[in-house]
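Participant: Residue numbers (mature numbering (1 follows the signal peptide of the UniProt record, and there is no 0)): -19 to -1, 1 to 314.
So, in structure tokens, the structure goes:
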């Protein structure tokens, strides 16, 4: 079920919490998590009410305080997870199930947030105009050989801010600024649209390579209207020099207010389990976090890669510095 924010707010003030439901604020579009919600409800009988909150989630939870109807938040970026935790609106969750299912590197050391899936920030490359091995590192993207050949969404998008933060983690702020200036100088057009739009731009010949998340290719290949564009590109897993490929996570945290805490914990644990991880893999084309759960056949066909060794929490702390540099170079200008 999908409820509006107003409906959830009214529910929190007009009636006590029901024993067979939970309320979720989600940065992810509800249709992306609907298969998970449906499977969980079918198995447990617990109704999951999802409200899509694109912006200002932390501020909303702060304003709602103890009267918030939200039990859980689902986010799509490590920076958003840490922002919500830093706002003081989450609570620690101790769970043997979560600890067993989610590697320590993909959950908060203080049990405030838990990664549910991971995705790589990679390069989409034209099959026709880019040779194998022509781009291998993130540092390559600033090489003048790509002048007029790169497409990318807004530099201030969460995914790109996280990537810039990872550049800082590896090379420092001065080098990261130079990298941003180099990438900007190589753009075929001003940053625009989402990751899928970059794939379409490559297919249309507007650029030769683009930066995007892995799972969008899977989604496009399953969309008859976008399949042709997706088939025009191949996925390249670039690395940082001497390290690995940049990863980010989608994750979950329990709110401090959580009127349905017991059921919320059941949903958190279920999301980390085999069935949910399989759905994430097969439906959303993301990488499962639980060891032993297979990638989808399509994702596996893209090949193996080595994840970057920089801790996600370290990268998240550098987000403000990254955003400042992006604005200083006027990346979107």
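Don't be surprised by glycine CBs; every beta carbon is placed ideally from N, CA and C.
A quick note: this is a predicted structure, and the numbers were derived from the prediction, not measured.
#1: With a threshold of 7 Å, establish whether the CB of residue 200 neighbours any heavy atom of the ligand ADP.
#2: Could you compute how far the alpha carbon of residue 109 sits from the alpha carbon of residue 223?
#3: Can you give me the Cβ contacts of residue 119 inside the same chain, cut-off strictly under 6 Å, excluding the 5 residues immediately before and after it?
#4: Answer with buried or exposed for residue -19, where buried requires no fewer than 16 other C-beta atoms within 10 angstroms of its C-beta.
#5: Residue 228 by DSSP, collapsed to three states: which one?
#6: Can residue 281 and residue 149 be called in contact, C-beta distance under 8 Å?
#7: Tell me whether residue 137 sits in a helix, a strand or coil according to DSSP, three-state version.
#8: Would you call the segment 6 to 25 and the segment 251 to 267 touching, i.e. three or more CB-CB distances under 8 Å?
#9: My output table needs one value for residue 75: the three-state DSSP class, helix, strand or coil.
#10: Using the Cα positions of residue 272 and residue 314, report the straight-line distance between them to the nearest angstrom.
#11: Kindly indicate the opening and closing residues of the beta strand (DSSP E) around residue 199.
#12: So residue 203 packs on residue 3, CB below 8 Å; how close in whole Å?
#13: With DSSP collapsed to three states, give me the class of residue 175.
#14: My output table needs one value for residue 5: the three-state DSSP class, helix, strand or coil.
#15: Output the residue ranges of the beta strand (DSSP E) runs that lie fully inside the segment 276 to 309 and measure 3 residues or longer, sorted by chain position.
#16: Would residue 136 pass as a contact of residue 307 if the rule is Cβ separation under 8 Å?
#17: Report the three-state DSSP secondary structure of residue 312 (helix, strand or coil).
#18: Give me, in chain order, the residues of the same chain whose beta-carbon lies closer than 6 Å to that of residue 227; leave out the 5 immediate sequence neighbours on both sides.
#19: Assign residue 105 to one of three DSSP states: helix, strand, or coil.
#20: Taking C-alpha atoms, which residue in 298, 157, 267 and 300 lies nearest to residue 96?
#21: Look up residue 30 in the DSSP assignment and give the residues it is bridged to.
#22: Just the C-alpha distance for residue 208 and residue 173, rounded to the nearest angstrom, thanks.
#23: From which residue to which residue does the alpha helix (DSSP H) around residue 18 run?
#24: Quick check: residue 235 and residue 72, are their CB atoms within less than 8 Å of each other?
#25: Can you look up residue 215 in the DSSP assignment and give me helix, strand or coil?
#26: Within a Cβ cutoff of 8 Å, which residues of the same chain sit near residue 297, ignoring the five residues on either side of it in sequence?
Facilitator: Looking at the atomic coordinates:
#1: Absent from the structure shown: the ligand ADP. Ligands present: none.
#2: 29 Å
#3: Result list for residue 119: 219 and 221, in chain order.
#4: Interpretation of residue -19 is limited by its pLDDT of 42, a score under 50 that renders its predicted location unreliable; the figure taken from the coordinates is listed afterwards. Counting of Cβ neighbours within 10 angstroms places residue -19 among the exposed residues, the total staying below 16.
#5: strand
#6: The answer is no: Cβ separation not under 8 Å.
#7: Three-state DSSP puts residue 137 in coil, outside helix and strand.
#8: yes
#9: coil
#10: 43 Å
#11: If you look at residue 199, you'll find it isn't in any beta strand (DSSP E); it sits in the alpha helix (DSSP H) that goes 195 to 202.
#12: About 29 Å separates the two Cβ atoms, so there is no contact after all.
#13: coil
#14: strand
#15: Complete beta strand (DSSP E) runs here, min 3: none at all.
#16: yes
#17: The answer is coil: DSSP assigns residue 312 none of H, G, I, E or B.
#18: 102, 144, 147 and 289
#19: strand
#20: 267
#21: Beta-bridge pairing links residue 30 to 4.
#22: 21 Å
#23: 11 to 25
#24: Cβ atoms of residue 235 and residue 72: closer than 8 Å.
#25: DSSP places residue 215 in strand when its eight states are reduced to three.
#26: So the qualifying residues of the chain are 59, 60, 62, 63, 143 and 146.
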